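Report on one structure; see the data block that follows.
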Amino acid sequence: MSDYRAPVKDMRFVMDELAGFRELSQYPDFAEATPDMADAILEEAAKFTREVLAPLNRVGDKAGCQLTAAGVVTPPGWKEAYKAFCDAGWNAISCPPDHAGHGQPDTIAVAVKEMIQSSNMSFSLGPLLTTGAVEALLTCASDELKAIYLEKMVTGEWTGTMNLTEPQAGSDLALIRSRAEPQADGTYRVFGQKIFITYGDHDMTDNIVHLVLARLPDAPAGVRGISMFLVPKFLVNADGSRGARNDAFCVSIEHKLGIHASPTCVMAFGDNGGAVGYLLGEANRGLEYMFIMMNEARLGVGLQGIALGERAYQQALAYARDRKQGRDALTGEALVTIDRHPDIRRMLMLMKSRVEACRALAYYTSGLLDRAHVIEDPAEKQRNLYLAEFLIPIVKGGGTEMAIEVTSLGLQIHGGMGFIEETGAAQHWRDSRITTIYEGTTGIQANDLIFRKLMRDQGATARYVFGEVAATVKSLAAAGRPELQAIARRLGDGLQAWVQATEWLSANAKTGLSGVLTAAVPYLNLAVAVGGGWLMGRAALAAAVHLDSGEGDQVFFRAKIASAHFYADQMLPLAAACAETVMAGDAALAGLGDEIF
Ligand SMILES: Cc1cc2nc3c(=O)[nH]c(=O)nc-3n(C[C@H](O)[C@H](O)[C@H](O)COP(=O)(O)OP(=O)(O)OC[C@H]3O[C@@H](n4cnc5c(N)ncnc54)[C@H](O)[C@@H]3O)c2cc1C
1297 MSDYRAPVKD
1307 MRFVMDELAG
1317 FRELSQYPDF
1327 AEATPDMADA
1337 ILEEAAKFTR
1347 EVLAPLNRVG
1357 DKAGCQLTAA
1367 GVVTPPGWKE
1377 AYKAFCDAGW
1387 NAISCPPDHA
1397 GHGQPDTIAV
1407 AVKEMIQSSN
1417 MSFSLGPLLT
1427 TGAVEALLTC
1437 ASDELKAIYL
1447 EKMVTGEWTG
1457 TMNLTEPQAG
1467 SDLALIRSRA
1477 EPQADGTYRV
1487 FGQKIFITYG
1497 DHDMTDNIVH
1507 LVLARLPDAP
1517 AGVRGISMFL
1527 VPKFLVNADG
1537 SRGARNDAFC
1547 VSIEHKLGIH
1557 ASPTCVMAFG
1567 DNGGAVGYLL
1577 GEANRGLEYM
1587 FIMMNEARLG
1597 VGLQGIALGE
1607 RAYQQALAYA
1617 RDRKQGRDAL
1627 TGEALVTIDR
1637 HPDIRRMLML
1647 MKSRVEACRA
1657 LAYYTSGLLD
1667 RAHVIEDPAE
1677 KQRNLYLAEF
1687 LIPIVKGGGT
1697 EMAIEVTSLG
1707 LQIHGGMGFI
1717 EETGAAQHWR
1727 DSRITTIYEG
1737 TTGIQANDLI
1747 FRKLMRDQGA
1757 TARYVFGEVA
1767 ATVKSLAAAG
1777 RPELQAIARR
1787 LGDGLQAWVQ
1797 ATEWLSANAK
1807 TGLSGVLTAA
1817 VPYLNLAVAV
1827 GGGWLMGRAA
1837 LAAAVHLDSG
1847 EGDQVFFRAK
1857 IASAHFYADQ
1867 MLPLAAACAE
1877 TVMAGDAALA
1887 GLGDEIF
């Protein structure tokens, strides 16, 4: 099995050329985020993930987690790796400095997170959930709760969880039944069962902070009656020391297709009299708070897809350079390594270019979020935020669906050995399969893109994106290189398809709702193909400037142009087909009932 080497060169290229990283250090909040600082952080993270986390990936997959009388036990090496992870400060990288964080911009943190996820996806989920919970506390916790919990969660001394899902409430959280009863002392007693809770229990830390969605006795029905509670595994004494065990227990763990080392827990709250909980923010606004954090969380899961695609690509490339089979069709040379076969080269380049396109989208979005954070001009702030929010379902849906296809290609390149677990290629494919499901399925992302992000400003953000893509087409067409002109033609056609499909959706949103809902995922796929092609086109333009100057790693810049060209040839023609599918809507089903299934 191949080891993992973080693609630091591509990460830095995307940060600088597409995500606007260099401008960030002008802002006081990010004054320390200089290129030298970014280089140092990324090199250190690359070393840590390669040496500490990557070797445990297969160990965790094989051993999984066990539920014992003492709670959930993580695989061998997990506890030590987690301690090393926290000691090195990785958990706190983008958390605010006034709560023991390092305050680095998302544009740096996104690369570090990609490395952690690539090297060990199951491990990465604990910190991902913890930083999500930190965001929630920053958004809505009282100063008193912040003082007790925040710093320990930022450093990773305690982990956090998100308890939304119940057996009858998955995508539809309006159906949540867990309840919270107010007590005379201002606390609450929480009762209910939550399922599928990531890192709901484990042995890496001596406390776990559960964020639980539940209803108050007088709460209105539906999503407007859900509140958020902080329920610690162990109560905390006034002096900050660990107190009594709370009534919040993991009662079983799931046996899953992938991410075996990430414990997925059924949690029982209040079976022994009630779990002590503390209301976060205002009553009945729990889901609203959850939505504020959802941007980060969805971007994080999109990044998981990119991370797994990258790991699968590295492994497939190493295998293809080693495995000998068949004759070179062009030179006739006998017994060559399989990377000489054009079909293997096609699959490898498809993996590489699709990962790069989605990485570009994710890092670009992180840059927008950083700017939305530091820019003071309200109109500019909102423009950056709206654009980021428009792109987030594209990154989440696109990055994760891409991962399933790309990790499957990685497996295919291994031939029969890909189907054999010892090789390790299958693990990436199995691990990737969850990413299109949790944190909102692809169907939910597609609906979010159309009904919340596209429609909310009557298409203004989409039109801004179309304008940017058109400008890139123009620059590519004007460039003196034939490869860039070829990309321009494909991107121009892709843009036309995107605009046409968007107009169709807008025209049908009110009167043809069933057709629009049928078209939602094909529309998302279209947006991913063209959005990715746009940033690949920009990457090719930037690489051409470096080639013209003759400075820097010329092989890397040539490879960037080749990757963008290949993406344009292989992925952008799909845009026209997606647009056709979008505009077909549900025509084939009109007037037919359930009997056709
Ligand atoms: C390994 C794992 C870890 C998880 N971790 C956590 C966690 O830490 N915390 C937590 O709270 N939850 C967690 N979850 C739960 C996860 O978020 C849900 O599984 C997910 O939201 C989907 O809900 P569901 O499984 O009930 O599927 P359902 O909601 O029943 O969906 C089934 C299908 O119907 C579709 N569908 C549903 N509604 C619509 C709609 N309105 N329009 C179109 N299609 C629709 C879906 O897209 C999907 O294809 C985890 C799940 C797993 C498997």
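Residues in the sequence shown are numbered from 1297 upward in steps of one, following our numbering. C-beta: ideal position from N, C-alpha, C; glycine also. From a predicted model like this one, the values you see are computed outputs, not experimental measurements.
Flag this pair as yes or no: are the beta carbons of residue i and residue j separated by less than 9 Å?
| i | j | result |
| --- | --- | --- |
| R1726 | Y1300 | no |
| I1493 | T1427 | no |
| T1661 | A1630 | no |
| A1510 | I1522 | yes |
| D1481 | V1369 | no |
| G1598 | T1757 | no |
| S1415 | D1402 | no |
| G1294 | V1651 | Residue 1294 falls outside the range modelled here, since the chain spans only 1297 to 1893, and no answer is possible. |
| L1352 | A1557 | yes |
| N1680 | L1705 | no |
| A1875 | A1803 | no |
| A1432 | M1589 | yes |
| G1827 | Y1863 | no |
| S1474 | Q1489 | yes |
| G1385 | P1423 | no |
| M1867 | A1616 | no |
| G1554 | R1729 | yes |
Work out the CA separation of residue j and residue i for me, nearest whole Å.
| i | j | result |
| --- | --- | --- |
| A1342 | A1656 | 19 Å |
| Y1895 | I1690 | Since the first residue shown for the chain is 1297 and the last is 1893, residue 1895 is missing from the structure and cannot be characterised. |
| T1461 | S1548 | 15 Å |
| G1569 | D1543 | 7 Å |
| D1635 | K1305 | 23 Å |
| W1374 | F1419 | 8 Å |
| G1275 | D1624 | Within the shown structure, residues of the chain are numbered from 1297 to 1893, placing residue 1275 beyond reach of any answer. |
| G1693 | A1838 | 27 Å |
| H1398 | A1388 | 6 Å |
| A1858 | E1779 | 8 Å |
| A1612 | A1517 | 51 Å |
| E1718 | V1310 | 34 Å |
| A1871 | L1507 | 41 Å |
| L1512 | K1770 | 57 Å |
| T1768 | F1525 | 47 Å |
| I1337 | I1412 | 13 Å |
| I1783 | I1444 | 54 Å |
| V1632 | A1377 | 40 Å |
Would you mind reading off the limits of the alpha helix (DSSP H) that contains residue i?
| i | result |
| --- | --- |
| I1634 | I1634 -> no alpha helix (DSSP H), and no H or E assigned at all. |
| S1414 | D1402 to S1415 |
| A1365 | Per DSSP, A1365 belongs to no alpha helix (DSSP H) and is neither H nor E. |
| S1558 | Element bounds for S1558: n/a, residue is neither H nor E. |
| L1780 | P1778 to N1804 |
| G1539 | First-last for G1539: R1538 to R1541, but that is the beta strand (DSSP E), not the alpha helix (DSSP H). |
| D1567 | Counting along the chain, D1567 falls outside any alpha helix (DSSP H), and DSSP gives it neither H nor E. |
| A1835 | L1809 to S1845 |
| E1606 | G1582 to A1616 |
| G1739 | T1738 to N1743 |
| A1758 | A1756 to A1774 |
| Y1682 | P1674 to I1709 |
| F1853 | Q1850 to Q1866 |
| C1874 | P1869 to A1880 |
| P1331 | P1331 to F1344 |
Looking at the strands, I want to know which residues DSSP matches up with residue i.
| i | result |
| --- | --- |
| A1465 | E1462 |
| G1456 | V1505 |
| A1510 | S1523 |
| V1532 | R1538 |
Could you please give the first and the last residue of the uninterrupted beta strand (DSSP E) stretch that includes residue i?
| i | result |
| --- | --- |
| A1476 | R1475 to P1478 |
| M1912 | Past the boundaries of the shown model lies residue 1912; the chain is included only from 1297 to 1893, so the question cannot be answered. |
| Y1659 | Note, Y1659: premise wrong, no beta strand (DSSP E); alpha helix (DSSP H) at P1638 to V1670. |
| A1625 | Counting along the chain, A1625 falls outside any beta strand (DSSP E), and DSSP gives it neither H nor E. |
| A1544 | A1544 to I1549 |
| I1491 | Y1484 to T1494 |
| V1572 | A1571 to L1576 |
Do the segment 1313-1323 and the segment 1401-1412 touch if we need at least three Cβ pairs shorter than 8 Å? yes
Stretch pair the segment 1741-1757 + the segment 1642-1649: three plus CB contacts closer than 8 Å: no
Count the C-beta pairs between the segment 1528-1545 and the segment 1569-1579 that are closer than 8 Å, then say yes if the count reaches three, no if not. yes
Counting pairs of beta carbons, one from the segment 1830-1848 and one from the segment 1802-1820, are three or more of them closer than 8 Å? Too few Cβ pairs lie closer than 8 Å, so no.
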